[in-house]
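Report on the structure given below.
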Amino acid sequence: MSHSDGFHCTDCPTVIPCGTINDVWTVRTSICFIRRYRVRMLEFWQTFMLVNAVCLVGTAIIAILDHLFYPPLPAGASAEHRHEQPRPRVTILIPARNEEANIEGCVLSAFNQTYPDLEVIVVDDNSTDRTGDLLRELAAVDDRLTVVEGQPLPEGWIGKGWALYQGHQKATGKWIMLLDADVRLEPWAVDQLVARAERQNIDFLNPYPYFVNVSFWEKVMQPLLWGIVRIRFPLIFVNQRLTRRNPAFAMAFGPCILVRKESYDAVGGHRHVAMDILEDVALAKLMRNRGYRTCVLNGKNLLRVRMYHNLRELMDGWGKTAYGAMGYNLPLMLAAVFGLTFAAAQPFATLAWGAITANQTWMSLGLFQVLGVMWRRILDHNENDFPLWTILLHPVAIMVVLYIQLRAVWQYYFGAYRWKDRQYHKPKPASTK
3 MSHSDGFHCT DCPTVIPCGT INDVWTVRTS ICFIRRYRVR MLEFWQTFML
53 VNAVCLVGTA IIAILDHLFY PPLPAGASAE HRHEQPRPRV TILIPARNEE
103 ANIEGCVLSA FNQTYPDLEV IVVDDNSTDR TGDLLRELAA VDDRLTVVEG
153 QPLPEGWIGK GWALYQGHQK ATGKWIMLLD ADVRLEPWAV DQLVARAERQ
203 NIDFLNPYPY FVNVSFWEKV MQPLLWGIVR IRFPLIFVNQ RLTRRNPAFA
253 MAFGPCILVR KESYDAVGGH RHVAMDILED VALAKLMRNR GYRTCVLNGK
303 NLLRVRMYHN LRELMDGWGK TAYGAMGYNL PLMLAAVFGL TFAAAQPFAT
353 LAWGAITANQ TWMSLGLFQV LGVMWRRILD HNENDFPLWT ILLHPVAIMV
403 VLYIQLRAVW QYYFGAYRWK DRQYHKPKPA STK
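This is the structure:
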C-alpha cells in the first residue's frame, strides 16, 4: 500500500497523502469502511426490493385466487333445504354487554330468518346500560328468545367467552351460531350456512362479513387491517385439503361462527379457551387439533357488521388482539413491526430515489411495487365496496397500524387491554392440544 506520495487504498483508487501513521490509517479505514458500507447497503436494498416485489405480486395473485375459488356465498335460500323436512334445530347465541345501540337490530335479524327451527339465546353480560331492558321487551313479544342474566366475571375468564359458556348451558340446537351483537343477518343466512356445513361435513364454519364503515377512520383503517388478516390467512391455504386439518393454518373471525354442538362439547367449548383474548382463533385451532373440520368462507351476502364507530374504538378493538396474534412473543412482534415498516416504506422510497437520481431502473421498480400495493388494496376495497379515495391515505393507515402494534405491546407489559368497560391484564393464549 505504500507509495512515495502517500498511501493507496487497495479497495478504491483513493490516494492518501503521507502524514502520521495513525492519522493515515484512521482516514484510510474510514473512507474504505464508508465505501464498503455503501456498497453493502445498496446490495441489501436491491435484494430487499426484489424480495418485496415478489411478495407483493404473490399476495396479489393469492387474492385473485381467493376471489376465484372462494367467491361469496350466494344470497337467497339454499337449494338443499327448500324442500327438506325436518331440519336440525339451530341455537343463535349472542353475548351482549352494553349493547343498547345494537342488540335490538341483531335480535330482530335473527327473528327474521327463513330457517324454520331456531332459538335465540342472549346473555346479558352485566350490562350497565339499557341492554337488559330492551331484551326483556323483545322476549315478551317472541317466545323464541331466551334472556340469560349473566353471572359476574370470575377469575380466569375473558368476558365474551364467559358469556358464551353460560349461554351454551341453555342451548338445545344441534348447531350453535355464535353471533356478535353488532352483526345483522340477512334472512337466508342461517339456511345457507347450515346447508353448507351439513353438505360438506364441516364442524366449524366461519363466514366473514360485509364490513359497514361510516366514519372517516373506519374507511381509512378497516380495509388495510382486514387486508393484513387476509394476507396472513388466505382462504386457499386455510381451506385447502392438505392444510385444512393443520392448526397452523387455522383462522377464525369472531362476529359469526356456526359450530356443531356435539363437536363443540367434545373439545370443551369456551371453557378450554377461557383466558384467550383471541378465543375464536383458539377454538378453531383446538378443533383442528382434535380432528374436526373447520372452514372459513366469504359471507358478505349473508351478514354485515359495523365493528367500530371511531378511531379510539378501532385502536382498542384491534389492539387487544394484535399482540395475541403473535403469541405474546416480543421478538416476533418487533420483527413484524419492523418488517411492516420496511415493506410499506420501501416501494415509495425506491420510487422517490429513482426520481431524485433520474435512475430509470429504480423508478420502474419503485413504480411497479407501488402499483402492486395499490392493486392489492383495490382488491380488498372492491370486496367490501370501500371508497377508493382511502387508498391514497395508505401511508397514514400504515403508521396507525404500527402505533396500534406498539401500543398493544406497551399495554400488555405496563397496562391493560380495555374493552366494554373491563380491563384485562396479561391474557394468556389457550392450549389448543
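Count along the sequence shown from 1, then add 2; that gives the number in the working numbering. All residues carry an ideal CB built from backbone N, CA and C; glycine is no exception. Every value quoted in this text rests on a predicted model; they were computed, and no experiment measured them.
Going by C-alpha positions, Phe388 is about 12 Å away from Ser217.
Rounded to whole angstroms, the gap between the alpha carbons of Met309 and Gln407 is 19 Å. Gln171: not part of any alpha helix (DSSP H); DSSP gives it neither H nor E. Asn300 and Leu75 do touch by the CB rule: their CB atoms are close to 6 Å apart, below 8 Å. The three-state secondary structure of Ile160, taken from DSSP, is coil. As summarised for the segment 358-409, the continuous alpha helix (DSSP H) elements at least 4 residues long and confined to that stretch are 362-386, given in chain order. In the three-state reduction of the DSSP assignment, Phe213 falls in the strand class.
Taking all protein chains shown into account, Ser80 has 16 or more neighbouring C-beta atoms within 10 Å of its C-beta and is therefore buried.
With the rule of 3 Cβ pairs closer than 8 Å, the segment 205-212 does not count as touching the segment 113-126. Inside the segment 97-128, DSSP marks whole alpha helix (DSSP H) runs of 4 or more residues at positions 105-113, from first to last along the chain. Here Ile64 has Pro236 and Ile238 as same chain residues with Cβ atoms under 7 Å from its own Cβ, once five neighbours each way along the sequence are excluded.
When DSSP states are grouped into helix, strand and coil, Gln425 belongs to the strand group. Taken in chain order, the unbroken stretches of beta strand (DSSP E) that lie wholly in the segment 203-291 and span 3 residues or more are 206-210 and 258-262. Per the C-alpha coordinates, the member of Gln224, Glu102, Pro156 and Glu281 positioned closest to Leu180 is Glu281.
Annotation for Glu151: the continuous beta strand (DSSP E) segment containing it runs Leu147 to Glu151.
Note on Phe213: 16 or more other CB atoms within 10 angstroms of its CB, so buried under the neighbour-count rule. Bounds of any beta strand (DSSP E) do not take in Arg201; it lies within the alpha helix (DSSP H) bounded by Ala191 to Arg201. The beta carbon of Arg292 is closer than 6 Å to those of Val269 in its chain, skipping five residues each way along the sequence. When the beta-carbon positions are compared, Arg146 and Phe113 come within less than 9 Å of each other. Cβ neighbours of Ala346 within its own chain (closer than 6 Å, five residues either side excluded): Ile400. Less than 9 Å divides the Cβ of Gln202 from the Cβ of Arg295.
Fewer than three beta-carbon pairs drawn from the segment 344-363 and the segment 419-431 are found closer than 8 Å, and the two stretches are therefore not classed as touching.
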